[in-house]
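J.: So for the sequence shown, this note's numbering puts the first residue at 5; every next one is plus one.
A virtual CB, placed ideally from N, CA and C, is assigned to each residue, including glycine.
Handing you a structure now.
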Amino acid sequence: MADPVSRELFARASKVIPGGVNSPVRAFRAVGGEPIFIKEAHGSMLVGADGTEYVDYIGSWGPMILGHAHPDVVAAIQRAAEKGSSYGAPTEAEITMAERIRDAVPSMEMSRLVSSGTEATMGALRLARGFTGRDLIVKCIGGYHGGADYLLVKGGSGLATLGEPDSAGVPSAIAATTAVVPYNDAYALEQLFAERGGEIAAVIFEPIAGNMGCIPPDPVWLDALRTQTQNHGALLICDEVMTGFRVAWGGAQALYDIRPDLTCLGKIIGGGLPVGAYGGRTDIMKKVAPVGPVYQAGTLSGNPLAVAAGLETLELLLRPGVYEDLEHKGDQVQALIEQHAGAGGVPITVQRVGSMLTAFFRGKAIRNWDEAADTDRDAFGRWHAALLENGVYWPPSQFEAAFVSLAHDAEALAKTSRAFKAAFAAL
Ligand code: KE4
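What follows is the structure, given as structure tokens:
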């Protein structure tokens with residue numbers, strides 16, 4: 005049960021904002037109850053509207069890998085703000101960001117900054133269609149790549165939670181330009197290419213699925229993605245909005261040795277401020293306006309404050325041992341879930357890559373959307389509510405990944421352990 009202050013705020017919000025939230029998943033509809041409103045955050049902690057502190061495993065859905073309100077990031081934003089908040093003209097910092105992205109993710113020889121992950125995937129897909137002269141795009145059932153019409157086809161994340169494979173308002177003619185295959189299904193992909201390979205502009209996929217819960221890729225699947233696109237003249241687009249700089253400095257493509265044609269980034273590269281990016285092979289990126297015929301633009305693209313926050317965040321992620329530390333912290337959280345679930349006799353499968361993980365309420369491994377949907381969401385909802393009662397704010401959906409930050413210290417993990425113990429016992 006949400007605290008009285010949050011309940012009052014939610015009632016007020018619901019009068020002027022659809023569902024009382026600015027993004028559906030925040031409304032707690034997947035877990036029941038009403039959302040806890042947040043008034044501030046620091047390190048690994050969220051502070052609720054009534055002052056209650058929670059160990060945070062949402063991490064703003066990925067960006068807050070350093071923890072909240074990191075002093076160096078705050079200072080970088082303050083310094084930038086004192087010089088003005090937006091110019092609508094190029095700055096040196098944007099060059100530095102593009103160079104930093106290229107150095108970290110070598111497949112991104114050139115990149116364009118935008119203001120969200122949705123814009124990044126929209127830009128990449130329009131570019132793929134413009135470059136290939138083809139219309140059909142392919143995505144995975146349960147994959148989520150933001151809110152563009154042609155991507156809201158059997159979506160994951162919020163859409164999956166809503167149980168609506170398509171969104172209202174998406175014209176059927178637009179939806180028909182998107183084909184879907186199950187995640188980790190190389191055979192289905194090969195079949196689709198055999199039937200329609202000549203029509204396919206691109207395949208866009210999450211190299212680690214995060215929007216149906218955390219599902220690592222099968223090596224055969226990864227190989228089929230690269231082989232099939234290569235053999236049929238289609239582009240391979242890695243949507244690393246969530247995994248970029250999360251699972252490794254070079255993202256999931258570094259972890260699994262993938263060489264995509266285009267990559268989408270977001271979240272962490274903005275350090276909590278609105279930044280997305282798409283980029284890839286120079287010959288493809290040179291099709292983007294103003295040098296090429298594929299138009300894409302944005303008033304606040306490359307915004308000085310957002311780029312300052314992103315550059316400082318990336319700088320701090322370059323420190324030695326950061327990803328080993330994130331791996332260790334992620335491993336500790338996984339071990340705590342398994343320990344306390346086991347003690348409570350609750351069938352749980354934890355799937356994790358580095359510091360992103362999901363506790364699936366199912367006793368078997370999950371490889372795709374259908375298996376993710378075969379989870380006990382009622383139990384998940386009760387577990388989520390019990391965690392909140394015990395001071396842990398876990399992502400309010402079975403179909404989301406949880407995120408551990410560098411700020412999750414021994415004290416935060418001890419609080420988490422006590423909350424896991426109480427929550428599993430309460431099931
Ligand atoms: P945004 O437009 O929300 O910045 O990014 C869209 C997006 C694109 N690609 C991937 C792989 C993503 O995970 C996302 C957004 N992720 C969700 C969390 N699963 C955002 C949370 C929300 O919708 O409120």
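Going by alpha carbons, who is nearest to Leu259 out of Met101, Ile272, Glu244, Gly150?
T.: Nearest of Met101, Ile272, Glu244, Gly150 to Leu259, Cα basis: Glu244.
J.: For Phe249, name the three-state secondary structure that DSSP assigns.
T.: Looking at Phe249 - three-state DSSP - the assignment turns out to be coil, as it is neither helix nor strand.
J.: Could you tell me if the beta carbon of Lys291 falls within a distance shorter than 8 Å of some heavy atom in the ligand KE4?
T.: The answer is no for Lys291.
J.: Buried or exposed, going by whether 16 or more other CB atoms sit within 10 Å of the CB of Asp189?
T.: By the 10 Å Cβ count, Asp189 comes out buried.
J.: Express the C-alpha separation of Thr122 and Trp65 in angstroms, rounding to a whole number.
T.: Each residue's Cα considered, the two are about 14 Å apart.
J.: For Ser115, which beta-bridge partners are listed by DSSP?
T.: DSSP lists Gly283 as partners of Ser115.
J.: Quick one: complete beta strand (DSSP E) runs, 3+ long, within the stretch 29-110?
T.: Complete beta strand (DSSP E) runs here, min 3: 42-46, 49-52, 57-60.
J.: Below 7 Å CB to CB, which residues in the same chain sit around Glu38 once its five sequence neighbours on both sides are set aside?
T.: Answer for Glu38: Ala6, Ser10, Arg11, Phe14, Phe32, listed in chain order.
J.: For Phe4 and Ala345, what's the separation of their Cα atoms in angstroms?
T.: Residue 4 lies beyond the residue range present for the chain, which begins at 5 and ends at 431; the question has no answer from this structure.
J.: Return the chain-ordered list of same chain residues with a C-beta closer than 8 Å to the C-beta of Gly36, the five sequence neighbours on each side being excluded.
T.: Correct list, in chain order: Gly385, Ala389.
J.: With DSSP collapsed to three states, give me the class of Leu269.
T.: Strand at Leu269.
J.: Can you tell me which of the three DSSP states Thr165 falls into?
T.: Any reading at Thr165 must be qualified, since the residue scores a pLDDT of 38, below 50, and its modelled position is unreliable; the value itself is stated next. Helix.
J.: Which residues in the same chain as Phe424 place their Cβ atom closer than 7 Å to its Cβ, once the five residues preceding and following it in sequence are excluded?
T.: So the qualifying residues of the chain are Leu340, Ile341, His344.
J.: With a 10 Å radius around its C-beta and 16 neighbouring C-beta atoms as the bar for buried, classify Trp72 as buried or exposed.
T.: The amino acid occupying residue 72 in the given sequence is His; Trp does not appear at that position. Label assigned to His72: buried.
J.: For Arg323, does the count of other Cβ atoms within 10 angstroms reach 16, so buried, or fall short, so exposed?
T.: So Arg323 counts as exposed.
J.: Please report how far the alpha carbon of Arg83 lies from the alpha carbon of Gly92, in whole angstroms.
T.: Approximately 18 Å between the Cα atoms of the pair.
J.: I'd like the span of the alpha helix (DSSP H) that includes Val20, first residue to last.
T.: Segment 8-20, the alpha helix (DSSP H) holding Val20.
J.: Report the three-state DSSP secondary structure of Gly255 (helix, strand or coil).
T.: Gly255: coil per DSSP, three-state reduction.
J.: Applying the 10 Å Cβ sphere with the 16-neighbour rule, what's the burial state of Asp60?
T.: Asp60 is buried by the Cβ-count criterion.
J.: Under three-state DSSP, which class holds Asn215?
T.: Strand, per DSSP.
J.: Counting C-beta neighbours from all protein chains within 10 Å, is the total for Pro437 16 or more, i.e. buried, or is it exposed?
T.: Coverage of the chain is limited to positions 5 through 431, which leaves residue 437 absent and any answer about it impossible.
J.: Using the Cα positions of Met318 and Ile272, report the straight-line distance between them to the nearest angstrom.
T.: The question names Met, yet the displayed sequence has Leu at residue 318. The straight-line gap from Cα to Cα measures roughly 8 Å.
J.: For the ligand KE4, any of its heavy atoms closer than 8 Å to the Cβ of Arg106?
T.: Every heavy atom of the ligand KE4 is 8 Å or more from the Cβ of Arg106, so no.
J.: So for Thr181, helix, strand or coil by DSSP?
T.: If DSSP states are grouped into helix, strand and coil, Thr181 belongs with coil.
J.: CB of Ser90 to nearest heavy atom of the ligand KE4: below 8 Å?
T.: Not so, every heavy atom of the ligand KE4 lies at least 8 Å from the Cβ.
J.: For Leu129 versus Ile208, is the C-beta distance shorter than 9 Å?
T.: Yes.
J.: Examine the ligand KE4 and report whether any of its heavy atoms sits within less than 8 Å of the Cβ of His388.
T.: Not so, every heavy atom of the ligand KE4 lies at least 8 Å from the Cβ.
J.: I'd like to check one pair, Gly395 with Ala57: are the Cβ atoms closer than 9 Å?
T.: For the record, residue 57 in the displayed sequence is Glu; it is not Ala. A contact, by the Cβ cut-off of 9 Å.
J.: Determine contact between the stretch 278-285 and the stretch 109-117, defined as no fewer than three beta-carbon pairs at a distance below 8 Å.
T.: Yes: the two stretches touch, three or more of their Cβ pairs being nearer than 8 Å.
J.: With distances taken between CB atoms, is the gap from Val292 to Leu131 smaller than 9 Å?
T.: Yes, they are a contact pair.
J.: In terms of residues, what are the limits of the alpha helix (DSSP H) holding Thr426?
T.: According to the sequence shown, residue 426 is Ala rather than Thr. Note, Ala426: alpha helix (DSSP H), 414-430.
J.: Strictly under 9 Å for the Cβ-Cβ distance: is Phe209 near chain B by that measure?
T.: Of the protein chains in this structure there is only one, and it is not chain B.
J.: Over the uninterrupted alpha helix (DSSP H) stretch that includes Leu226, give me the two end residues.
T.: Leu226 -> alpha helix (DSSP H) spans 223-235.
J.: Which same chain residues end up closer than 6 Å to Arg381 when comparing Cβ atoms and leaving out the 5 residues on each side of it in sequence?
T.: Correct list, in chain order: Gln402.
J.: Check whether the Cβ of Met5 sits closer than 8 Å to any heavy atom of the ligand KE4, and report yes or no.
T.: Answer for Met5: no, Cβ out of range of the ligand KE4.
J.: Give every residue of the same chain whose Cβ lies closer than 7 Å to the Cβ of Glu316, excluding the five residues on either side of it in the sequence, and list them in chain order.
T.: Closer than 7 Å at Cβ, skipping near neighbours: Asp76, Val77, Ala80, Gly275.
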